[in-house]
Structure formats: structure tokens, C-alpha cells
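K.L.:
Structure in C-alpha cells, see below.
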Amino acid sequence: MAEQEKEAALPPKENFSEWYNDLLQVAEIMDVRYPVKGSYVWYPFGFSIRRNVYGIIRELLDKDHQETMFPLLIPENEFMKEAEHIKGFEDEVYWVLNGGTTPLDVKLALRPTSETAIYPMYRLWVRSHADLPLKLYQIVNTFRYETKHTRPLIRLREITSFKEAHTVHATWDEAAAQVDEAIRLYSEFYRRLAVPVLPSKRPNWDKFPGADYTVAVDALMPDGKTLQVGTAHHLGDNFAKTFDIKYEDVAGEQVYAHQTCYGVSERSIAALISIHGDDKGLIMPPEVAPVQAVIIPILFKKSEAVLAACNDVKETLEAAGVRVTIDDSDKRPGSKYYKWEMKGVPLRIEIGPRDLEKEAAMLVRRDTGEKEQVPISSIANEVIERFAVIQFSLLENAKENLKARIFDCNTVEEIKEKVSEGIAHVPWCGEEKCGLEMDEEVGAGILGIPTDQDDEGNYKCPMCGKDTSIRVYVAKTY
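Position 405, counted from 1, in the sequence shown is what UniProt numbering calls 405; the numbers after and before it change by one each time, with no gaps.
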């Protein structure tokens, strides 16, 4: 009975907030009991997910970026140089005031982001047009004193997995092309997580402090709110002027460089968990699942033969590069199914005496529950083929769900109705006054102008009635 109660412990996903918080603990992703608000501990299983997810972003970036590491501590005099940038972060900064019991001569900020840590060094490193483009990234922890309600992986005081890239270019247009490339990289990254995202250009009041413009990608969560899961900022020459980052061009002139920065955090994992999971727990795309397949021996008789077959299958799959384990514990099969379904293992492989008689194994998909008996002789190919099918199915289902929850709206009343279900696609005149009034009126904010918008069409702004060809995404956000 206790075991049955435990197996029924996860709330239904329709109670999303409760489901999400319980799943992080029960599936052993993060432990929220650390005694500092907004700081959480990765369980080893959750950290394995993180390692696999960030392995993809490293693979994508390493083609033309280099990974690096800058200090956590930023001197106050460097941090305060860029006034607009600092204004955007000043209420969120943690300051180190003492070294032991001795007051510091210069206060040190714990990085909320790393522009003011990295760019003093770029001033020393960039000398000539031959040094450009410079493309570096790091994956680090950052600290922000969040005053809003904190939530694991979504809104943190210590962001443990901030991937930030910082690039330097000769011209404004080259930097703009890099912003486009960053969004392309993020779209590919999320495609491999089977998470569809919506890129949009943020309105001016919501751009990164100190940037010329910001493009961000958002994912739609099960409760109808959007989660910003990546940003790319065109910094123009603003930071170059502040930190004196110049290069000598082909004519021998000293010219200010143009820069970009773009980031992804563990919010990517929050989206991954939330979009695919169900009432039974996690559903992991095979590429990032810590365990891709679990073998469950069904032991009645011929136990030795069954276990031997299971070990042979495990060796075969490991040789094919599959992350696989055998659950030969004393627990009953139902309890084993519960455990591995909770952890989102893409495929369960059941082998019992009857399967052995047919020289076969039973494959069970985590995402659909479909069962299929396959020959043991071709088990590696069968499993790898199922992985591709599962990946495709997860992505297509998520795309269909997103598409069904984007609504064309033309009036304030329509927007109010639809933002509780998903994303409203709304005309906007482009005026900040109307944008902010719309935010207040409908209880949801403008995300931005879709990057694939064709600027064709004749609409009327629902706030002022002016003609416009612009449509924007409006949604409730985290």
C-alpha cells in the first residue's frame, strides 16, 4: 500500500505549478531545500540532464567560438562605467564589502552578467582588424537579487548554468548578422530538445540595458505563460566606447568595434521538463536522457537465461553507444516501471521467458506507451530507430500544441480572453505609449515583433486605432 501511495504522489500536470515543483524533487532533478532563497542543488541525475543539454550548446558553439572563463568578481569602478547598463541591474547586484574582517578598498560585485568583467580584457586583446571577429563564450554561475517569487530553474538568485557568448566585430552590420546567427543556433539547439520556440524582436523598453536592440526566443509553458529561454543583443559600439575597445582598420585608422552578446540559462531545462512531461513524470528526448534505455528482466522461471540475455542486450547496446542500464533489483516490475517512467527513460526493454522463446524483446515507448516485440538479433538498430521516431514525435506534438495556442486577436477584449490560454498575435502601431497601455489593459506584456514577419497586411492598433502592418506577440510571462 505504501508503495502504491508513493507511485500516486505526483499531482496531475493540469495543476502545473504543483506538478512542476513535485517533479523536480521526485525525479531527482533539483533539491529546493538549500537554506538560501533562490539557490538550489542539482541532484546527480538532474546534473546529468544538464550535462547532456549543455553538451549540445557546446557542440554548436565550438564550431566557431572558443570557450573561456572570466572571474566572478567585478570591481565597482569597472561595473559602474556603463550607466544605462548599470541602471538595468543596480537593484539586483550582490556586493562583497569585506575580505575576512577587513573592509575592501573597492567593492566587488558578484556578476549579474559579465559584460563589465569581460570588456576591460577585450580592450587589451583587440588591436587590429586581423583580431576580428572575436567570439568567446563561457558557462558560469551568475547572481541576481530577485525580489519576485523565485522558482527552481526559472527565476533564481543564483543562476548556475548561464551560457553567455560575447563577440566583437568590425562593423554594425557584421554584428547584426551575428545576432541572426545566434538566433539560428538557439533555434537548432531547441529543435534538438524538441522544444519549439518563437523568436521576436523586443520592444525598446524591454531590450537589454545598453543594447541597440534585443531579439529573444520564448517557449510556451503548459499553464499558458511564456518563458524567455534565450536572448541575443546587438550592443552597437556602446560598450566599445565605454571600455575603449578599438581596432586598427585596413587604412590604419583607430575604429570602435561593434559587439554582441547572447545567453541561455537553465530555463532551457525548465522548458524541456515542462513541455514534454506528463502525469507519470519526465519524458526525455533520447539525445539528452541520462539513461536512454532500461532493461527490465521479467523473472518467473529460467531466471539465469533471462538475466544472461539481458546482459547480452546491454553489452550490444553499449557497443552501439546507447546509455543503458539493467534494473535487476528485487522490486516488482510495476515498481520498476514507475521509477523509470518518472525519470523519463525513452525506451523500456522487457525480456522474459516467453520473449526468449521467440528470441525477442519487448520495446515500450515512454512518450506513447506503445509496445512492440522486436528480434534480439537486431536490437541495436531497433532501439536507435525508435530514438529517431521518439524525437520526431515529441517535436511534432510540441509544435502542434504551440500552433494551436497562438491566436490572432484584433481587439482588447479578444486579447484579454486569449492570453489566459496562450499567445495573442496582435496589431500594434509601434508607439511605446500604446504598448505600455496594452500591457496594463490586458494583464499581459508585448513579447516582441516576430522575426519572420513579412510586414504585409493592413491592421489597426487596438489601443489608438492607427493603421499598422506590425503584429506582435502578447502573452503572460514568467
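Where a beta carbon is used, it is the ideal one built from N, C-alpha and C, also for glycine.
Whole angstroms is fine: what's the gap from Asp131's alpha carbon to His169's?
P.N.:
Taking the sequence shown and counting its residues from 1, the one referred to as residue 131 is at position 131. Taking the sequence shown and counting its residues from 1, the one referred to as residue 169 is at position 169. Rounded to the nearest angstrom, the two C-alpha atoms are 9 Å apart.
K.L.:
Apart from the five residues on each side of it in sequence, which residues of its chain come closer than 6 Å, Cβ to Cβ, to Cys409?
P.N.:
What you label residue 409 is simply residue 409 of the sequence shown in a count that begins at 1. Answer for Cys409: Ile415, Lys418, Ala424 and Val426, listed in chain order.
K.L.:
Does Gly224 come out as helix, strand or coil in the three-state DSSP assignment?
P.N.:
Sequence index remark: in the sequence shown, residue 224 carries index 224 (1-based). Coil.
K.L.:
Per the contact definition of three or more C-beta pairs closer than 8 Å, is the region 88 to 98 in contact with the region 219 to 226?
P.N.:
No: fewer than three Cβ pairs fall under 8 Å.
K.L.:
Please report the distance separating the alpha-carbon of Lys343 from that of Leu282.
P.N.:
Looking up residue 343 in the sequence shown gives position 343. Looking up residue 282 in the sequence shown gives position 282. About 5 Å.
K.L.:
Our contact map puts Asn141 next to Ile159 with C-beta atoms below 8 Å; I'd like the distance itself, whole angstroms only.
P.N.:
Start at 1 with the first residue of the sequence shown, and residue 141 comes out as number 141. Start at 1 with the first residue of the sequence shown, and residue 159 comes out as number 159. The pair is a contact, with the Cβ atoms about 6 Å apart (cut-off 8 Å).
K.L.:
Excluding the 5 residues preceding and the 5 following Gly448 in the sequence, name in chain order all residues of the same chain whose CB lies nearer than 7 Å to its CB.
P.N.:
Numbered from 1 along the sequence shown, position 448 holds the residue referred to as residue 448. Excluding sequence neighbours, Gly448 sits near Ser200, Lys201, Arg202, Pro203, Ala216, Val472 and Tyr473.
K.L.:
Since I believe Ala232 is in contact with Val195 (beta carbons under 8 Å), could you give me their beta-carbon distance rounded to a whole number of angstroms?
P.N.:
Your numbering for residue 195 matches position 195 in the sequence shown. Your numbering for residue 232 matches position 232 in the sequence shown. That pair is no contact at about 17 Å.
K.L.:
Rounded to whole angstroms, what's the CA-CA distance from Glu421 to Asp173? Just pull it up for me.
P.N.:
Start at 1 with the first residue of the sequence shown, and residue 421 comes out as number 421. Start at 1 with the first residue of the sequence shown, and residue 173 comes out as number 173. If you take the alpha carbons of Glu421 and Asp173, they lie about 38 Å apart.
K.L.:
Note down the Cα distance separating Glu92 from Arg332, rounded to an integer number of angstroms.
P.N.:
In the sequence shown, counting from the first residue as 1, residue 92 sits at position 92. In the sequence shown, counting from the first residue as 1, residue 332 sits at position 332. For Glu92 and Arg332, the distance between alpha carbons rounds to 50 Å.
K.L.:
Please give me, in chain order, every unbroken run of the beta strand (DSSP E) with length at least 3 that falls completely inside the region 366 to 395.
P.N.:
List check, beta strand (DSSP E) in window: 371 to 375.
K.L.:
Could you say which of Leu394, Ile183, Lys81 and Val306 lies nearest to Asn238 if we only look at CA atoms?
P.N.:
Position 238 of the sequence shown, counting from 1, holds the residue named residue 238. Ranking Leu394, Ile183, Lys81 and Val306 by Cα distance to Asn238 puts Lys81 first.
K.L.:
Go ahead and pull the three-state DSSP assignment for Met1.
P.N.:
On the sequence shown, residue 1 is found 1 positions in, with the first residue counted as 1. With a pLDDT of 33 at Met1, under the threshold of 50, the modelled position of that residue is not reliable, and the figure given next carries that caveat. Met1 falls in the coil class under three-state DSSP.
K.L.:
Would you say Ile390 and Asp367 are within 8 Å of each other, going by their C-beta atoms?
P.N.:
Taking the sequence shown and counting its residues from 1, the one referred to as residue 390 is at position 390. Taking the sequence shown and counting its residues from 1, the one referred to as residue 367 is at position 367. Yes, they are a contact pair.
K.L.:
Could I get the ranges of all uninterrupted beta strand (DSSP E) runs contained in the region 317 to 371, with 3 residues as the minimum, in chain order?
P.N.:
The qualifying runs are 324 to 326, 347 to 351 and 360 to 365.
K.L.:
Please name the residue or residues paired with Leu132 in a DSSP beta bridge.
P.N.:
Residue numbering aside, residue 132 sits at position 132 when the sequence shown is read from its first letter. Bridge partners of Leu132: none, in fact.
K.L.:
Near Met69, what residues of its chain come up, given a Cβ to Cβ distance below 6 Å and the 5 sequence neighbours on each side ignored?
P.N.:
Against the sequence shown, residue 69 aligns to sequence position 69. Gln138.
K.L.:
Can you tell me whether residue 480 is helix, strand or coil according to DSSP?
P.N.:
Absent from the model: residue 480. The displayed extent of the chain is 1 to 478, so no value can be given.
K.L.:
Which whole-angstrom value is the C-beta distance of Leu235 and Asp206, which I expect to be below 8 Å?
P.N.:
Within the sequence shown, residue 235 is the residue found at index 235, counting from 1. Within the sequence shown, residue 206 is the residue found at index 206, counting from 1. The Cβ separation is near 16 Å, so there is no contact.
K.L.:
Use the C-beta contact count for Ser329: other C-beta atoms within 10 angstroms, 16 or more gives buried, fewer gives exposed.
P.N.:
Counting from 1 along the sequence shown, the entry for residue 329 is found at position 329. Exposed, since its Cβ has fewer than 16 Cβ neighbours within 10 Å.
K.L.:
Is Glu67 helix, strand or coil when you go by DSSP?
P.N.:
For the purposes of this step, residue 67 is identified with residue 67 of the sequence shown, where counting begins at 1. Three-state result, Glu67: strand.
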